[in-house]
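If you read the sequence shown in the working numbering, its first letter stands for residue 173, the second for the next number, and so on.
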Amino acid sequence: MSTERFLANLKSQEKLKGSANYLSWKRRIEQTLAQASVLEYALGIEKGVKPITFLPNEKLGIGSKESVYIIWFTGNAHAYSIIEATCRSETIETIRLTVDASEAWKLLQNRYEGKGNFVLTKGFDDWHALSLDPEDIAAFNIRFKNINSQLSGAGLDVPPVMSMLHYLNVVQATFPN
């Protein structure tokens with residue numbers, strides 16, 4: 173698929189709106205970046221680490237295609253384009269002043285992860301994935317309490333009756349008879 177067609181396809185997908193859809197956006201974009209072989213550039217790891225030394229023209233993207241900096245420059249540009257193409261105008265403002273994919277990724281993460289609906293969505297995911305190891309009920313109790321606190325901190329107080337029913341359902345699923 174050509175880069176232009178790839179970006180056009182991205183632009184037709186749901187955009188990052190902020191904390192309201194950050195978690196689903198992050199999961200989808202991580203997959204998209206991985207499919208495009210540029211996830212490391214967004215995360216700033218391995219081949220995505222910006223080289224420290226480069227020739228003057230390489231900073232403009234001009235140079236040998238085998239140059240470490242040009243390889244980074246090209247991969248970084250592709251990763252940044254994917255991130256930018258999937259942001260709404262108000263979220264683009266967060267990354268507008270950078271062209272480094274890993275910096276853009278960190279800025280979005282710092283701004284939206286762990287805020288508002290992200291916490292609720294993660295809390296519900298954790299709530300439904302809660303399981304009990306019969307050998308460590310204390311760890312289960314701590315996780316259960318932490319998830320309830322996380323949901324409460326995001327503005328959702330789980331009614332005590334619902335919380336207790338869920339607790340008992342998880343215990344019963346572990347010890348059915």
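All residues carry an ideal CB built from backbone N, CA and C; glycine is no exception. Owing to the predicted nature of the structure, the values given are computational and were not obtained by experimental measurement.
- Remark: three or more beta-carbon pairs, one from each stretch, lie closer than 8 Å, so the region 236 to 253 and the region 269 to 285 are flagged as touching.
- In the DSSP annotation of this structure, the continuous segment of the alpha helix (DSSP H) that includes Gln-207 starts and ends at 194 to 207.
- Taking Pro-306 as reference, the option from Ala-345, Leu-279 and His-300 with the minimal CA-CA separation is Ala-345.
- Per DSSP, Leu-340 has no beta-bridge partner at all.
- Between Arg-260 and Leu-182, the gap from beta carbon to beta carbon reaches 8 Å or more.
- Contiguous beta strand (DSSP E) elements confined to the region 297 to 323 do not occur, taking only those with 3 or more residues.
- In the three-state reduction of the DSSP assignment, Leu-328 falls in the coil class.
- Straight through space, the alpha carbons of Arg-177 and Leu-304 are spaced by roughly 47 Å.
- Counted as a single uninterrupted DSSP element, the stretch harbouring Leu-188 is not any alpha helix (DSSP H), since DSSP gives it neither H nor E.
- Ranked by how close their Cα comes to the Cα of Ile-217, the residues Ala-251, Gly-295, Ser-324 and Ile-267 have Ala-251 in first place.
- In the same chain as Trp-197, and ignoring 5 residues on each side of it, the C-beta atoms closer than 6 Å to its own belong to Leu-188, in chain order.
- Take Arg-283, set aside five residues on each side of it, and the residues of its chain with a beta-carbon closer than 6 Å to its own are Thr-266, in chain order.
- For Pro-332 and Trp-277, the gap between their C-alpha atoms comes out near 38 Å.
- For Trp-299 and Ile-309, the gap between their C-alpha atoms comes out near 16 Å.
- Counting the other Cβ atoms within 10 Å of the Cβ of Asn-318 gives fewer than 16, which makes it exposed.
- Cβ atoms of Val-330 and Asn-320 come within 8 Å of each other, at about 6 Å.
- Contact annotation, Ile-224 with Gly-233: C-beta distance approximately 17 Å; criterion of less than 8 Å not satisfied.
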